[in-house]
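Step one of this worksheet: look at the structure below.
Protein chains in written order, with this note's numbering: chain A, 1 to 404; chain B, 1001 to 1287.
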C-alpha cells in the first residue's frame, strides 16, 4: 500500500494534442480517489500514465517514495481493471486470475490457495475451470477484479470498470468494489464519467475538464461548494439550475434579480461571500440545486426566500419524490462550461430549446425536486420558494465561484 | 378458386422453377470442377489398356490396384513422400512462427522504419515468384546450400502474404488485452507467445493451411534448389513420371495413382482445420 503523487504532470501527444496539463494531486495511502469528467477530459490519460501505459511528457508521478516515470508497468506494482475487462479468452478463470502470479514466478502450490481465496471473495469458486465466454457480464467483471486483487498490489487502477454492466448490476458491483477496497485497504484510483458513481464511491473526487483539474475534494464538499460553473453543473443529478441574475444594492440590502423575480440576500449569505458586494450592478450566474426549490412552502405562505414563478411543463415521478420541470421567466446561462457539464443530453437540449424560443421574454427551464405528495400538475402555474442558504454564485466571465 | 390464390400459386411455381434452374447450373459447374479429380481417382484403379481405351470413363474395368503396387515397387515413392514431409513440415511450422512473429512486430512494436518495412513486404507480394527463380538459384549456390534440405527449406520460410495476414489479424486484437498482460508482468515475447498467439488461432490455421499446401505442392523451387534424386520430393517425382520416358506407354494409371496419393494429405488437413476455425476471442471483452 502506498500513496500516489502527481507533480505538475502533463501529457502532450505527438500530434500536439494536450490531454493533461499541470496535474497536481496527492492520493493518501488506502484512499479511494475517483477521477471524473466528460469524455476527453484527460482522466483516462492520467490513469494510463500512472499505470505506465502512456509516457509522461512533463512532471513526475510517484508511487510511495518512488518516481515511476521511467518504470515499465510491471515494475510499478499496480493492478488495473479495464473497461472491457480485457480477459484472456483462451485461459480458464483460474488461469486468468493466476497469470500475474505466474509472471512473478510464484510456484503453483503457493498460487493455488491465493487464486482460490480471491475467487472466494468474489464468489467465483464454482467457475474456476470455465472460460470467459461461458460467464455472464457480471462474472467477467469479477474475474477482471480477481486478476487485480490476487496480486496484492500497492495500487488498484480502475478504468470505468462498471460502464458495460446493466444499471442494477452496476449498483451491486459498486458496493462490492467498495467492500473489497475497504477490506484490502489498497490505494485506489477509479476513473468514471458517471458523476453518481464518483459521488457514491470516492473518498475524494478529482473533477477534470479539458485536461485541467477543476477541483479535488470529498464528494459532499464538491456538491455543496463547487469551485466553478463546470463542477457545479457536472456534479449532481438532476443538474444545478443556473440562471443569469443581476446583483443590486438597495439601501443596506443586496438583492439578486432573476427575470421579474427579486431575491433579497440575507446577511449571513453575504458574510459568507463578501466578494459578492463587488458585483453590484453586474450580471452573475446564480446556481440553484433542484432540492433548493420548494413548492409547498410557497403554497403555505412559508419560506422567507425569493420566489420563482413559472409553468410546469413536465413531471417525472420517481416514487419518493418527483421532478418538476418548470419554465420560468429568466435567462439561462449558456456558458460552455455549463453545457459541457451537463451529463444528460436532454438537459442540454432543454437549454438549446430555450435559446431558440426567445420571443421577447426569455425563459429558462428549471428543475425542482419536490416531495411525492406535492400536488403539481403539468401546465399549471406554480411558485417555487428558493432556499437562500443553498444558493451558489459564479462570476460569468471566469466561471469561478464568488466567495470570500 | 379466387384470382389471388391462382396468382399466388403461379408465383410459387415460378419461384420453384427458378430455383431448379439455379441449382442445375450450380451442379453443372460443380461437376466440371470435380470431373478431373474423379477421372484421376478412377484412372488410378484402371489397367493401362483400359485407361488408354476409355480415358474419360469413371468406371475402371476391371478395377485393379496394380498402379499403386507399381509405385511402391518400381519407383522411389516412399523416398519422395519422406522428402516432401521433411520439407513441408519444417516449412509449415517455421513459417507459421516467423510470419506471426514478423506480423506481431509490424502490428504492435514501434520502431524506426516500420512503415517502410511493411511497404516493402507488400511490394514483394506483387513480384511473380518465377522472376526470382534464377536469383534464388544463384544465392543458394553462393551460400553453399545447393542440393541440401537447407536449400530447399530456408528460402520458403517466410512469405509476404503470411506476414500481411498476421499483421492485419494482430491489429484486430484489442490492445487492452495486451496492456493488461503488460501490467500483469509479461514482457513482449511472453505477450506474443502466451496471450496474442492463442487468440490468433483462426489466422494461424489459415497460414498453416496455406504454408502446408504451398510447400507440399511446390515444384519450381525444388527444381532450382536440388539436383540429386535422393532429394526428390513428391512433386518432382510425379513430374518426372508425367514427362515419362519414350517406349513405356502413356502410364496414365501410374501417374494418376501418384497424383491421387499426393492430394490426400492436403485434403485431409483442410477438412480437419476447416472445422477448427472459430472465433476464439469470444469472452475476452465486453462488446
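Beta carbons are placed, not taken as given, at the ideal position from N, Cα and C, and that holds for glycine. Computed from a prediction, not measured in an experiment: that's the story for all the values here.
Over the uninterrupted beta strand (DSSP E) stretch that includes residue i, give me the two end residues.
i	result
residue 190 of chain A	187–192
residue 1173 of chain B	That residue, residue 1173 of chain B, is in no beta strand (DSSP E); it is neither H nor E in DSSP.
residue 380 of chain A	Unbroken run through residue 380 of chain A: none, as it is neither H nor E.
residue 993 of chain B	Any answer about residue 993 of chain B is impossible in this case: the structure gives chain B only from 1001 up to 1287.
residue 215 of chain A	212–217
residue 58 of chain A	58–63
residue 105 of chain A	Segment: none, residue 105 of chain A is in no beta strand (DSSP E) and carries neither H nor E.
residue 23 of chain A	18–27
residue 4 of chain A	4–12
residue 315 of chain A	307–317
residue 287 of chain A	283–288
residue 231 of chain A	Counting along the chain, residue 231 of chain A falls outside any beta strand (DSSP E), though it belongs to the alpha helix (DSSP H) covering 229–234.
residue 391 of chain A	391–394
Since residue i is in the alpha helix (DSSP H), which residue starts that stretch and which ends it?
i	result
residue 135 of chain A	Note, residue 135 of chain A: premise wrong, no alpha helix (DSSP H); not H, not E.
residue 1008 of chain B	1003–1044
residue 1120 of chain B	1114–1125
residue 331 of chain A	No alpha helix (DSSP H) holds residue 331 of chain A; DSSP gives it neither H nor E.
residue 269 of chain A	267–272
residue 175 of chain A	167–184
residue 117 of chain A	108–122
residue 48 of chain A	43–51
residue 196 of chain A	195–201
residue 74 of chain A	Counting along the chain, residue 74 of chain A falls outside any alpha helix (DSSP H), and DSSP gives it neither H nor E.
residue 208 of chain A	Premise fails: residue 208 of chain A lies in the beta strand (DSSP E), 204–209, not in any alpha helix (DSSP H).
residue 1151 of chain B	1149–1153
residue 1139 of chain B	1133–1143
What is the DSSP secondary structure of residue i, counted as helix, strand or coil?
i	result
residue 1076 of chain B	coil
residue 1233 of chain B	coil
residue 1227 of chain B	coil
residue 69 of chain A	coil
residue 1219 of chain B	coil
residue 152 of chain A	coil
residue 355 of chain A	Any reading at residue 355 of chain A needs caution, since the residue's pLDDT is 49, under 50, leaving its predicted position unreliable; the model's value is listed next. Helix.
residue 1108 of chain B	helix
residue 400 of chain A	strand
residue 1159 of chain B	coil
residue 371 of chain A	strand
residue 82 of chain A	coil
residue 250 of chain A	strand
residue 146 of chain A	helix
residue 1246 of chain B	Residue placement at residue 1246 of chain B is poorly supported in this model, since its pLDDT is 48, which falls under 50; the coordinates still yield a value, given next. Three-state DSSP puts residue 1246 of chain B in coil, outside helix and strand.
residue 1184 of chain B	helix
residue 1251 of chain B	coil
residue 1064 of chain B	coil
Just confirm the distance between the C-beta atoms of residue i and residue j, as a whole number of angstroms; I'd bet it's less than 8 Å.
i	j	result
residue 381 of chain A	residue 311 of chain A	5 Å
residue 316 of chain A	residue 370 of chain A	About 10 Å separates the two Cβ atoms, so there is no contact after all.
residue 162 of chain A	residue 170 of chain A	5 Å
residue 202 of chain A	residue 264 of chain A	The Cβ separation is near 37 Å, so there is no contact.
residue 64 of chain A	residue 28 of chain A	Contact flag wrong, Cβ pair sits at about 12 Å.
residue 1140 of chain B	residue 1225 of chain B	5 Å
residue 1165 of chain B	residue 1154 of chain B	About 21 Å separates the two Cβ atoms, so there is no contact after all.
residue 430 of chain A	residue 20 of chain A	Absent from the structure is residue 430 of chain A, since the part of chain A shown begins at 1 and ends at 404.
residue 341 of chain A	residue 233 of chain A	3 Å
Please classify residue i as buried or exposed, where buried requires at least 16 other C-beta atoms within 10 Å of its C-beta.
i	result
residue 123 of chain A	exposed
residue 1111 of chain B	exposed
residue 1063 of chain B	exposed
residue 325 of chain A	buried
residue 117 of chain A	exposed
residue 13 of chain A	exposed
residue 193 of chain A	buried
residue 16 of chain A	exposed
residue 90 of chain A	buried
residue 1259 of chain B	buried
residue 150 of chain A	buried
residue 103 of chain A	buried
(request) Assess, as a yes-or-no matter, whether the segment 1090–1103 of chain B is touched by the segment 1154–1167 of chain B under the definition of 3 or more beta carbon pairs within less than 8 Å. (result) The segment 1154–1167 of chain B is in contact with the segment 1090–1103 of chain B.
(request) Spell out a yes or no on whether the segment 58–69 of chain A and the segment 97–105 of chain A are touching, meaning 3 or more CB-CB pairs, one atom from each, closer than 8 Å. (result) Contact fails: fewer than three Cβ-Cβ distances are below 8 Å.
(request) Mind the definition here: the segment 250–259 of chain A touches the segment 210–219 of chain A only if three or more C-beta pairs lie below 8 Å; say whether that holds. (result) Judged by Cβ distances under 8 Å, the segment 250–259 of chain A makes no contact with the segment 210–219 of chain A, as fewer than three pairs qualify.
(message) Would you call the segment 120–134 of chain A in contact with the segment 186–193 of chain A, where contact means no fewer than 3 C-beta pairs closer than 8 Å?
(response) The segment 120–134 of chain A, when compared against the segment 186–193 of chain A, does not touch it at the 8 Å Cβ threshold.
(request) Take every Cβ of the segment 390–399 of chain A, pair it with every Cβ of the segment 280–293 of chain A, and state whether three or more of those distances are shorter than 8 Å. (result) Judged by Cβ distances under 8 Å, the segment 390–399 of chain A makes contact with the segment 280–293 of chain A, as three or more pairs qualify.
(message) Using 8 Å as the cut-off, can you tell me whether the segment 1168–1182 of chain B makes contact with the segment 82–96 of chain A, which would need three or more C-beta pairs spanning the two stretches below that distance?
(response) With the cut-off at 8 Å, the segment 1168–1182 of chain B and the segment 82–96 of chain A touch.
(request) State whether the segment 1065–1078 of chain B contacts the segment 1252–1271 of chain B, with contact taken as three or more CB pairs (one from each stretch) at a distance under 8 Å. (result) With a cut-off of 8 Å, the segment 1252–1271 of chain B and the segment 1065–1078 of chain B count as touching, because enough Cβ pairs lie within range.
(message) Contact between the segment 1196–1208 of chain B and the segment 1113–1124 of chain B is defined here as three or more beta-carbon pairs at a separation below 8 Å; is this criterion met?
(response) No, the segment 1196–1208 of chain B is not in contact with the segment 1113–1124 of chain B.
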